[in-house]
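Chains as they are written, first to last, in UniProt numbering: chain C, 1 to 246; chain S, 1 to 246. For each residue, glycine too, the CB sits at the ideal point set by N, CA and C. Since the structure is predicted, the reported quantities are computational estimates derived from the model, not experimental observations. Accompanying notes for the structure given below.
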């Protein structure tokens with residue numbers, strides 16, 4: 001799928017991608033390692049024998065189910081709130097006893113996610129040629145915190161919270177286009193989640209799939225298969241920069 | 001007013017400013033020189049004898065009157081639209097004949113404003129200690145464009161467009177607090193316009209006045225007087241960084 005066109009930035013003879021919009025949790029940052037380490041540190045000896053990798057994946061699944069359920073229904077719920085309230089039943093099911101302050105500290109780990117090793121170097125190369133923005137389901141304050149923590153050089157932060165709906169709701173992608181002042185075809189959505197870039201593609205965005213086989217700790221749990229349906233398939237942000245001529 | 005407290009970052013024994021929010025047009029960028037130069041270049045010999053400095057100030061006044069009038073009334077109007085439609089009567093009154101494409105190019109100068117000479121160096125120093133965000137009445141796309149053009153190292157871009165109301169409407173400052181996940185007292189509003197920081201101060205924000213005596217080309221036309229009502233008065237962003245211990 002990589003050799004199909006001579007210059008993947010050019011989508012159409014007169015439409016050129018000028019902005020890249022990135023998913024954050026999973027695509028730009030390694031939430032699995034970050035949250036697992038935080039849980040291990042906070043639980044200490046109380047967590048002996050726990051499968052913390054499974055714990056993080058269960059927590060992420062609970063978050064995903066809750067945000068999927070809320071799409072278009074009722075008032076906006078912050079992602080920080082979702083992570084916090086899905087934590088208690090998970091801890092209880094495992095018999096892990098953490099104090100309230102420890103639970104709050106653990107939930108805050110989602111706002112201090114470490115970037116993947118290639119993220120910052122890749123974004124720095126891409127930044128000279130493209131406008132770089134986030135499009136995250138995480139709260140704006142969490143994306144600001146994550147970006148400051150990892151020194152991620154975005155030009156702008158856009159998040160689902162700004163439109164009151166989570167990806168893959170079309171309004172979220174529309175928000176990015178409106179705030180960038182660009183047509184969808186001038187914007188490439190970059191994500192490690194196919195549902196995300198498929199939704200963007202349906203609206204006319206260019207798409208880049210970045211494989212993150214360790215997103216859930218174990219490659220068997222993720223979907224890192226390249227697919228011809230996307231304009232670009234990349235192994236990481238450095239490969240993405242290579243393919244975009246940066 | 002500068003010696004009134006030993007550490008101006010500390011507003012209260014337990015409240016510490018952790019984020020700075022900046023006005024863009026006038027405070028971080030020199031719209032007067034940028035737009036005057038664009039007008040001179042585009043008009044060429046057709047502009048001989050024109051007072052382009054007065055032209056820019058009239059244009060800015062027309063923009064200001066129109067955005068002030070629209071506060072809280074009717075649908076959102078982009079600032080790019082306001083600059084574009086206020087341009088024609090100004091040119092007509094002066095007998096300056098520009099083609100449509102030239103008028104559009106001239107209006108776009110407001111999205112390519114040059115930073116003041118101290119802006120980038122000041123922001124780079126402040127960035128290590130504080131979260132830096134814009135809070136601009138300009139359109140999000142214009143602030144992104146200006147920031148990319150001048151390499152302004154914000155962590156986040158917030159703009160009036162995101163809430164559908166212009167500063168000094170309280171909703172604009174509220175937006176910044178909500179998106180940063182902070183209380184007003186933890187945020188310092190930085191502007192060269194007293195109406196802007198007075199509105200923020202009323203809502204409990206910390207305030208920094210940055211003098212920009214050349215904002216309108218002629219120091220007699222601006223208000224660069226320091227005032228004790230603000231937590232900080234600074235001559236530029238480097239002075240701001242000094243006073244904030246960066």
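Query: For the structure I just gave you, are there three or more beta carbon pairs, one from the segment 128-146 of chain S and one from the segment 44-54 of chain S, closer than 8 Å?; Result: no
Query: Count the C-beta pairs between the segment 142-150 of chain C and the segment 100-113 of chain S that are closer than 8 Å, then say yes if the count reaches three, no if not.; Result: no
Query: If we count Cβ pairs, one from each stretch, closer than 8 Å, do we get three or more for the segment 181-189 of chain C versus the segment 204-216 of chain C?; Result: yes
Query: Using a Cβ-Cβ cutoff of less than 6 Å, which residues in the same chain neighbour residue 113(S) once the five nearest sequence positions on both sides are dropped?; Result: 29, 31, 34 and 146
Query: Between the segment 116-130 of chain S and the segment 237-244 of chain S, do at least 3 Cβ pairs fall closer than 8 Å?; Result: yes
Query: Nearest-angstrom Cα distance between residue 162(C) and residue 157(S)?; Result: 12 Å
Query: Are at least three pairs of beta-carbons, each pair with one atom in the segment 51-58 of chain C and one in the segment 207-226 of chain C, less than 8 Å apart?; Result: yes
Query: 8 Å is my cut-off, CB to CB: does residue 187(S) come that close to chain C?; Result: no
Query: What are the boundary residues of the beta strand (DSSP E) that includes residue 182(S)?; Result: Counting along the chain, residue 182(S) falls outside any beta strand (DSSP E), and DSSP gives it neither H nor E.
Query: Under the rule that 16 or more other beta-carbon atoms within 10 Å means buried, what is residue 61(S), buried or exposed?; Result: exposed
Query: With the cut-off set at 8 Å, would you say residue 226(S) and residue 118(S) are in Cβ contact?; Result: no
Query: Among 85(S), 138(S), 180(S) and 195(S), which residue has its Cα nearest to the Cα of residue 78(C)?; Result: 180(S)
Query: Within 10 angstroms of the Cβ of residue 69(C), are there 16 or more other Cβ atoms? Answer buried if so, exposed if not.; Result: exposed
Query: State the beta-bridge partners of residue 20(S) as determined by DSSP.; Result: 132(S) and 188(S)
Query: Tell me, please, whether the CB atom of residue 248(S) is closer than 8 Å to any CB atom in chain C?; Result: Absent from the model: residue 248(S). The displayed extent of chain S is 1 to 246, so no value can be given.
Query: Here's the rule I'm using: 16 or more other beta-carbon atoms within 10 Å means buried, otherwise exposed. How should residue 245(S) be labelled?; Result: exposed
Query: Which one or two residues does DSSP pair with residue 210(C) in a beta bridge?; Result: 234(C)
Query: Look at the alpha carbon of residue 228(S) and the alpha carbon of residue 210(S), and state the distance between them as a whole number of angstroms.; Result: 13 Å
Query: On a CA-only basis, which of 182(S), 109(S), 76(S) and 92(S) is nearest residue 16(S)? Give me that one, please.; Result: 182(S)
Query: Considering only residues of the same chain and omitting the five flanking positions on each side of residue 166(S), which have a CB-CB separation below 6 Å?; Result: 67, 71, 137 and 160
Query: Compare the C-alpha of residue 176(C) against each of 168(S), 86(S) and 139(S) and name the closest.; Result: 139(S)
Query: Return helix, strand or coil for residue 163(C), following the three-state DSSP convention.; Result: coil
Query: Cβ of residue 168(S) within 8 Å of Cβ of residue 191(S)?; Result: no
Query: Just the chain C side, please: which residues come within less than 9 Å of residue 164(S) by C-beta, in chain order?; Result: Per Cβ cutoff of 9 Å: no residues; residue 164(S) is ~12 Å from chain C at best.
Query: What are the complete alpha helix (DSSP H) segments, minimum 4 residues, inside the segment 72-156 of chain S?; Result: 79-94, 100-108, 119-127 and 140-150
Query: At the level of alpha carbons, what is the spacing between residue 151(S) and residue 121(S)?; Result: 10 Å
Query: What three-state label does DSSP hand residue 243(S) in the structure shown?; Result: helix
Query: So residue 193(S) packs on residue 23(S), CB below 8 Å; how close in whole Å?; Result: 6 Å
Query: Shorter than 8 Å from the beta carbon of residue 248(S) to some beta carbon of chain C?; Result: No information on residue 248(S) is available, as it lies outside the stretch 1 to 246 that chain S covers here.
Query: According to a CB-to-CB cut-off of less than 7 Å, which residues of the segment 46-64 of chain C neighbour chain S?; Result: none
Query: Under a Cβ-count criterion, where at least 16 other Cβ atoms within 10 Å of its own Cβ denotes burial, should residue 115(S) be classed as buried or exposed?; Result: buried
Query: Taking the alpha-carbon positions, what's the residue 63(C) to residue 91(C) distance?; Result: 14 Å
Query: What residues of chain S sit near residue 180(C), judged by a beta carbon separation below 7 Å?; Result: 141 and 144
Query: So with Cβ pairs under 8 Å, would you call residue 38(S) a contact of chain C?; Result: no
Query: Any residues in the segment 150-161 of chain S with a beta carbon nearer than 7 Å to a beta carbon of chain C? Which ones, in chain order?; Result: 155, 156 and 157
Query: Got a sec: is the Cβ-Cβ distance from residue 148(C) to anything in chain S below 8 Å?; Result: yes
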